[in-house]
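Asker:
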Amino acid sequence: MYDYHMHSYFSTDCAIPVKEMIEGAIAAGMKEIAITDHIDYEYNSTEIQFDFDVEMGLVEYEALAEQYADRIKVRKGLEIGIQPHVLGRCSILVNMHAFDFVIASVHNSGKQDLYNGDFYRDRTPEEALLFFYEELYEMLKDYKDYSVIGHFDIVKRYNDDVKALSFEKYKEVIEKPLKEVIKAGKGIEINLSGIRQGLGETLPSLDVLKLYKELGGEIVTLGSDSHVPETIGDQFRLGIQMLREAGFDKIYRFERMQPIPVPLEVLETFYARD
Ligand SMILES: [Zn+2]
Ligand SMILES: [Zn+2]
Numbered sequence: 006m007y008d009y010h011m012h013s014y015f016s017t018d019c020a021i022p023v024k025e026m027i028e029g030a031i032a033a034g035m036k037e038i039a040i041t042d043h044i045d046y047e048y049n050s051t052e053i054q055f056d057f058d059v060e061m062g063l064v065e066y067e068a069l070a071e072q073y074a075d076r077i078k079v080r081k082g083l084e085i086g087i088q089p090h091v092l093g094r095c096s097i098l099v100n101m102h103a104f105d106f107v108i109a110s111v112h113n114s115g116k117q118d119l120y121n122g123d124f125y126r127d128r129t130p131e132e133a134l135l136f137f138y139e140e141l142y143e144m145l146k147d148y149k150d151y152s153v154i155g156h157f158d159i160v161k162r163y164n165d166d167v168k169a170l171s172f173e174k175y176k177e178v179i180e181k182p183l184k185e186v187i188k189a190g191k192g193i194e195i196n197l198s199g200i201r202q203g204l205g206e207t208l209p210s211l212d213v214l215k216l217y218k219e220l221g222g223e224i225v226t227l228g229s230d231s232h233v234p235e236t237i238g239d240q241f242r243l244g245i246q247m248l249r250e251a252g253f254d255k256i257y258r259f260e261r262m263q264p265i266p267v268p269l270e271v272l273e274t275f276y277a278r279d
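Offset between the sequence shown (1-based) and the working numbering: plus 5.
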């Protein structure tokens, strides 16, 4: 199994050493993982900032990758927070270092935080949804320094009224950034954390995944977005079912930013055992 979204103590919101995440991944039966610690330039929150010494992180990932090479493949990843005014810095960071895999994620939109609710405060649910996807679309027209978009429909995560909006009604708005992803030869992830965190859905939802496939999207990774070893690989069976239902027959792993397909049958044999 391939878990391509997890954090370690290099992320501000995670206290677990990289080594413990790797051991947790081995215990969970993972064949390969990507450590994707957070950098979020100009993250708009007074309480917390997401930044770390990337060189230090990479040195540690690499040393541990070597140490555990006979048991698991550890890829050097990053989760970079994208906002229109920091894209230049994001590009420099991604291009300056030897990452295998980069998740581009929106955590702030309109320079406001989604998680703490600021973004939703002066917007109707419809305005919030439209603003979020339009800003993402504008960014993706220019920004190409990533492998997959993280939790593509995260705008639904922190506001139930946005979540309740009709997919059919806003399909064309969601389509625009998806088309940019596809045109650029990039991908999206299925972020499974929504299930264990009570959202009741993955990010993106099956509707969006199907739309991505219809539009010609091919590259998808699976990610638990784990901040503790115990949730690595969580809900991957559901992720694989969703992929099948949407018409995919493979997922992707990455080496030096190059996507490499893995047939779903290979993943399904993992579950055939139980
Ligand atoms: Zn994220
Ligand atoms: Zn994450």
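A virtual CB, placed ideally from N, CA and C, is assigned to each residue, including glycine.
Considering only heavy atoms of ligand 1, does any lie closer than 6 Å to the CB of S229?
Answerer: For S229, the shortest separation between its Cβ and any heavy atom of ligand 1 does not lie below 6 Å.
Asker: Quick check: L63 and K24, are their CB atoms within less than 7 Å of each other?
Answerer: Not in contact: L63 and K24 (Cβ atoms no closer than 7 Å).
Asker: In three-state DSSP terms, what is S110?
Answerer: strand
Asker: If you compare alpha carbons, which of M61, N113 and F104 is closest to V300?
Answerer: Given a span of 6 to 279 for the chain in the structure shown, any question on residue 300 remains unanswerable.
Asker: Under the three-state reduction of DSSP, which class applies to E173: helix, strand or coil?
Answerer: Helix at E173.
Asker: Only counting the same chain, and skipping five residues up and downstream in sequence, which positions put a Cβ closer than 6 Å to that of G199?
Answerer: Answer for G199: E206, T207 and L208, listed in chain order.
Asker: Are I193 and I245 closer than 7 Å when you measure CB to CB?
Answerer: no
Asker: Pull up the distance between the alpha-carbon of F15 and that of F57, whole angstroms please.
Answerer: Going from the Cα of F15 to the Cα of F57 covers about 6 Å.
Asker: So what does DSSP say about P268, is it helix, strand or coil?
Answerer: Residue state, collapsed to three classes: strand.
Asker: Taking only three categories from DSSP, how would you classify Y7?
Answerer: strand
Asker: At 4 residues or longer, what runs of the alpha helix (DSSP H) sit wholly inside the region 85 to 141?
Answerer: 92 to 101 and 123 to 126
Asker: If you reduce the DSSP assignment to three classes, tell me which class A189 lands in.
Answerer: coil
Asker: Using CA coordinates, which residue listed in L141, C19, F124 and R128 is at the minimum distance from V111?
Answerer: L141
Asker: Out of L197, L220 and G221, which one is the CA nearest neighbour of S210?
Answerer: L197
Asker: Just the Cα atoms here: how many angstroms apart are K168 and N100?
Answerer: 35 Å
Asker: Since I38 is in the alpha helix (DSSP H), which residue starts that stretch and which ends it?
Answerer: Element bounds for I38: not the alpha helix (DSSP H) but the beta strand (DSSP E), E37 to I40.
Asker: Pick from R76, A103 and D45: whose alpha carbon is nearest that of Q263?
Answerer: Out of R76, A103 and D45, A103 has the C-alpha closest to the C-alpha of Q263.
Asker: Buried or exposed: which applies to P268, given that a residue is buried once 16 or more other Cβ atoms fall within 10 Å of its Cβ?
Answerer: exposed
Asker: How is the beta strand (DSSP E) around V225 delimited, first residue to last?
Answerer: V225 to G228
Asker: Buried or exposed: which applies to I53, given that a residue is buried once 16 or more other Cβ atoms fall within 10 Å of its Cβ?
Answerer: exposed
Asker: State yes or no: is the C-beta of S152 nearer than 6 Å to some heavy atom of ligand 1?
Answerer: It does not: the Cβ of S152 is nowhere closer than 6 Å to a heavy atom of ligand 1.
Asker: Is the region 209 to 227 touching the region 249 to 264 in the sense that three or more CB pairs, one from each, lie closer than 8 Å?
Answerer: Using a C-beta cut-off of 8 Å, the region 249 to 264 makes contact with the region 209 to 227, since at least three inter-stretch Cβ pairs fall below that distance.
Asker: Regarding E84 and ligand 2, is the C-beta to nearest heavy atom distance less than 6 Å?
Answerer: yes
Asker: Ligand 1 heavy atoms versus the CB of G192: any closer than 6 Å?
Answerer: False, no ligand heavy atom lies under 6 Å from that Cβ.
Asker: Got a sec, what are the start and stop residues for the alpha helix (DSSP H) F241 sits in?
Answerer: F241 to A251
Asker: Please state the DSSP three-state secondary structure of Y163.
Answerer: Residue state, collapsed to three classes: coil.
Asker: Have a look at K36 and P234 and give me their C-alpha separation to the nearest angstrom.
Answerer: 15 Å
Asker: For the beta strand (DSSP E) that E260 lies in, which residues bound it at each end?
Answerer: K255 to E260
Asker: Could you check what DSSP says for V233 in three-state terms: helix, strand or coil?
Answerer: coil
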